[in-house]
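J.: This is the structure, below, for whatever I ask next.
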């Protein structure tokens, strides 16, 4: 039995956990991070890699923009660029109806100071001749970017470790108690930790922890399916997304085209598996070929997914527990946690060290699930059928 | 990669050597624009490598490659046609009139891959 | 009627089909190849003036018999050549045929996907002119071509002598047969090899023939480099006495025994377990090939046993399938097949010691050697990734950090060597290094195939 004492214990070594650890350590906190597998093993490491600012939940822009500023200096922060590239992001509509929706998203982005280019059909043909003629119009945001998710979480974890954070991998929390304004944790590796505060950022596995403290959220696990092609000559510069969600793709300078598409796949957090049904692979391939006809001769060579927590309103839980002082939640990132990861870590560090943060987090309170929850329109689009809410890991 | 193509073009050394002849219909096709003769049922790989030293260039750094496993497993013999098709050379028979390329088609030229 | 699908038309698949047909069942036989026979019993492509009897030597009668048997049954089964099975979803196979992605549901599945060369990298092995050892034979059988004019045969495998004999017989120059396993280890494996004395004697005869023809036959060599400017010009090795020796050549056939193609077995639900003798992950099945509900494995795709064992295990898998369907079969014949497969596999285990996978040589390779030829990842990059803080300690994580095994071949070529590097750097057992997990597609599938399949 090893006994550790710390200011903050972080449960979950995904992107949120490692950035929280990093910023807390920068503020002089003693931090222990516990990860059941290895850092960044699930959706933090297996997502599409988009740092997309267009089309986000309106209440999330202050957080998103703050986070993007951190991404833009990632190499300075952690000494590794993790293939960060300011690729820009093209959001395209295939009909006039869809175009109205894209323009409405753009109006929200612009109201938060983001520069959006509005490209009509002629502009599109001229700028992106490889895009299908069926693309009706698009908006383009130059500040949107991409990075390699496989590399980021381990790299941030290494930087946090360099700042003194204790990172323990392959270690499950088996016990979490509170009393006298402090917490004690025990793990299946015989480790026990006494600490003042706890961050619950255990992803698809976070609900069990919240429920221990009489809080709940209709969290369920799912996997974002991802596909990659063989290397092709590099010709697609921006990250591209169809507003109907059927296809999202980007080409890396090595030449591979990474693609993703809805609906998402079911995931099994007990067996730790998120297999991609082959019908989804074929559908994604058809959608990419339709969007970029020049890629039809290109081959898909690899498919993967990872497990992530989703909520029906398609926005995460971020902020303090409403029942237990010293406990903070950050989970249920619904497929868009990669971009806001650094920002969430920074905000949590401020909440813990300063007791407050300048970034509005009220929309993300866990308290919103006390009444009936309305499913977001994105939710209906991104899943085959409404999965059993509260499907506990 | 253009300089690599030039360097290879000056060196017409074939990698594969025909040990036994084949009876069959004689056909012609092109490799990098050069017309060559083949016999129906020759593989794309055998045709290219009995006429030259390599099949393709690796996407990462451009080193020459000539396939490896010769049985459809290693995927190191995918070549281009001038029409932008991809062929796995070791398992694809040649057809009359094929326009095979050991470099990708000219992506910089006006066409579907053109970028501003 | 139960739909039975066999994947692979080599000796195992053909025997499975024949046995099923003899019991009144008509299987669907899918094969990626355009002609039946698999790799070992591959038929020449049409019109090639190749004397297969001379080429196959002592195995010619078996080769001829298998193809004759196949010809007599092909009209009675649903045989689909040129069909790639690229994925399995539950009891649905995903196929690619004539550029179209289609599906095929099954009730019972016999997987007989065979094997490929197991490769250890070495300096210069990605140069044009270095080919797999089995590939060198395929070039000859399928296309009537040598991989070069002056060929070096390198690795550790009984196929070194066989392929060299075939090359010499047809007029190629064999510059050296260089085996990395020391002679004393071959002697130590003799008891197991006596399980098939005929095969053993044949192998020795091939080597004897090469030596009489003046071909250097070396044991216990250390491969140092394949050298050349844009193509193979020479092979440099260190011999058992420590002398460096350079052989001028324009091609190298490289192989360290065979490695089962286990991707489809894995996707169909077979469990894989690490085999200490072969140092490979093998799908688990009972003595007759049962590997799951309605799932049967046969041939070299299950465990390396050679063509004779493949024939026996294909028939065995079919008998198991029939028994599970409640169709009685000849118990004495099944018992004989089991004995035969078991004896031949014991022989292969002996071979795996006599022709050893060169673990120590792989671990000692310099940093600048390419390990993953698809993505161009060097050994140094693997070692560096593992050495860093929170560095990976198992192969899938190493792949995620370095791209090794991520390319078009999905780790088929680099996988076995990657396992040894990871185990060596991490100072852990081979099994603990893990294995590259498979997810469909097992081979590249074109976007156009998905489109054509939907229309």
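Protein chains in written order, with this note's numbering: chain A, 1 to 393; chain B, 394 to 509; chain C, 510 to 964. Backbone N, C-alpha and C define an ideal beta-carbon position, used for all residues, glycine too.
Please list the partners that residue 88 (chain A) has in chain B, where partner means a Cβ-to-Cβ separation under 8 Å.
T.: Under the 8 Å cutoff, chain B gives no residues; its nearest Cβ is about 13 Å from residue 88 (chain A).
J.: Please classify residue 838 (chain C): does DSSP put it in a helix, a strand, or coil?
T.: coil
J.: I want to see whether chain B comes within less than 9 Å of residue 232 (chain A), judged by CB atoms only; does it?
T.: yes
J.: What residues from the stretch 430 to 461 of chain B come within 7 Å of chain A, judged by C-beta to C-beta, listed N to C?
T.: So the close ones are 452, 453.
J.: Between which two residues does the beta strand (DSSP E) harbouring residue 897 (chain C) extend?
T.: Taken as a continuous stretch (DSSP letters only), residue 897 (chain C) belongs to no beta strand (DSSP E), as it is neither H nor E.
J.: Please decide whether residue 490 (chain B) counts as near chain A, where near means a Cβ-Cβ distance under 9 Å.
T.: So no, residue 490 (chain B) is outside the interface.
J.: Just to confirm the assignment: which complete alpha helix (DSSP H) runs, minimum length 4, are found wholly within the stretch 13 to 85 of chain A?
T.: 15 to 26, 43 to 46, 61 to 71, 74 to 78
J.: For residue 455 (chain B), which of helix, strand or coil comes out of DSSP?
T.: coil
J.: Could you check which residue in A:348, A:67, A:325, A:88 has the C-alpha nearest to that of residue 213 (chain A)?
T.: A:325
J.: So, for residue 815 (chain C): in the same chain, excluding its five sequence neighbours on each side, which residues have a beta-carbon less than 7 Å away from its beta-carbon?
T.: 853, 857
J.: Please check if any C-beta of chain C sits within less than 9 Å of the C-beta of residue 482 (chain B).
T.: no
J.: Taking only beta-carbon positions, decide if residue 391 (chain A) is within less than 9 Å of chain C.
T.: In this prediction, residue 391 (chain A) has a pLDDT of 38, which is less than 50 and means its spatial position is unreliable; what the coordinates show is noted afterwards. No, residue 391 (chain A) does not count as interfacial toward chain C.
J.: Who are the neighbours of residue 413 (chain B) on chain C, taking C-beta pairs under 9 Å?
T.: 553, 557, 558, 559, 560, 649, 653, 654, 679
J.: Considering only the beta carbon of each residue, do residue 67 (chain A) and residue 199 (chain A) sit closer than 9 Å?
T.: It is not a contact, given that the beta carbons lie outside the stated cut-off.
J.: When you compare only the Cα positions, how much space is there between residue 156 (chain A) and residue 18 (chain A)?
T.: 6 Å
J.: Please report the straight-line C-alpha distance between residue 612 (chain C) and residue 601 (chain C), rounded to a whole angstrom.
T.: Between the alpha carbons of residue 612 (chain C) and residue 601 (chain C) lies a gap of roughly 6 Å.
J.: Relative to the C-alpha of residue 77 (chain A), which residue among A:381, A:361, A:343 is closest?
T.: A:343
J.: According to DSSP, what are the bridge partners of residue 471 (chain B)?
T.: B:481
J.: Is residue 2 (chain A) helix, strand or coil when you go by DSSP?
T.: strand
J.: State the DSSP-derived secondary structure class of residue 934 (chain C), mapped to helix, strand or coil.
T.: Of the three classes helix, strand and coil, the one that applies to residue 934 (chain C) here is helix, per DSSP.
J.: What separation, rounded to the nearest whole angstrom, lies between the Cα atoms of residue 22 (chain A) and residue 30 (chain A)?
T.: 11 Å
J.: Just the Cα atoms here: how many angstroms apart are residue 261 (chain A) and residue 698 (chain C)?
T.: Taking the Cα positions, residue 261 (chain A) is about 54 Å away from residue 698 (chain C).
J.: Could you name each continuous beta strand (DSSP E) segment of 3 residues or more that falls completely within the stretch 790 to 857 of chain C, going from the start of the chain to the end?
T.: 799 to 801, 804 to 806
J.: Please go through the same chain and pick out, in chain order, the residues whose beta-carbon is closer than 7 Å to the beta-carbon of residue 911 (chain C), but skip the five residues on each side of it.
T.: Listed in chain order, the non-local C-beta contacts of residue 911 (chain C) below 7 Å within the same chain comprise 886, 890, 891, 894, local neighbours out to five positions each way being set aside.
J.: Please name the residue, chosen from C:604, C:520, C:587, C:610, that lies closest to residue 574 (chain C) on a Cα-to-Cα basis.
T.: Of the candidates C:604, C:520, C:587, C:610, the one whose C-alpha sits nearest the C-alpha of residue 574 (chain C) is C:520.
J.: Give me the Cα-Cα distance between residue 470 (chain B) and residue 439 (chain B), rounded to the nearest whole angstrom.
T.: 11 Å
J.: Is residue 8 (chain A) closer than 9 Å to residue 61 (chain A) when the C-beta atoms are compared?
T.: no
J.: Between residue 318 (chain A) and chain C, is there a C-beta pair that is closer than 9 Å?
T.: no
J.: Mind checking who residue 141 (chain A) pairs with in its DSSP beta bridge?
T.: A:89
J.: With DSSP collapsed to three states, give me the class of residue 315 (chain A).
T.: coil
J.: Going by other Cβ atoms of all chains shown within 10 Å of its Cβ, with 16 needed for buried, is residue 349 (chain A) buried or exposed?
T.: buried
J.: Look up residue 615 (chain C) in the DSSP assignment and say whether it is helix, strand or coil.
T.: coil
J.: In three-state terms, what does DSSP make of residue 954 (chain C)?
T.: It is a strand residue.
J.: Please classify residue 836 (chain C) as buried or exposed, where buried requires at least 16 neighbouring CB atoms within 10 angstroms.
T.: exposed
J.: Among C:927, C:629, C:831, which has the Cα closest to the Cα of residue 870 (chain C)?
T.: The shortest CA-to-CA distance from residue 870 (chain C) to any of C:927, C:629, C:831 is the one to C:629.
J.: I'd like to know whether the C-beta atoms of residue 92 (chain A) and residue 242 (chain A) end up nearer to each other than 9 Å.
T.: yes
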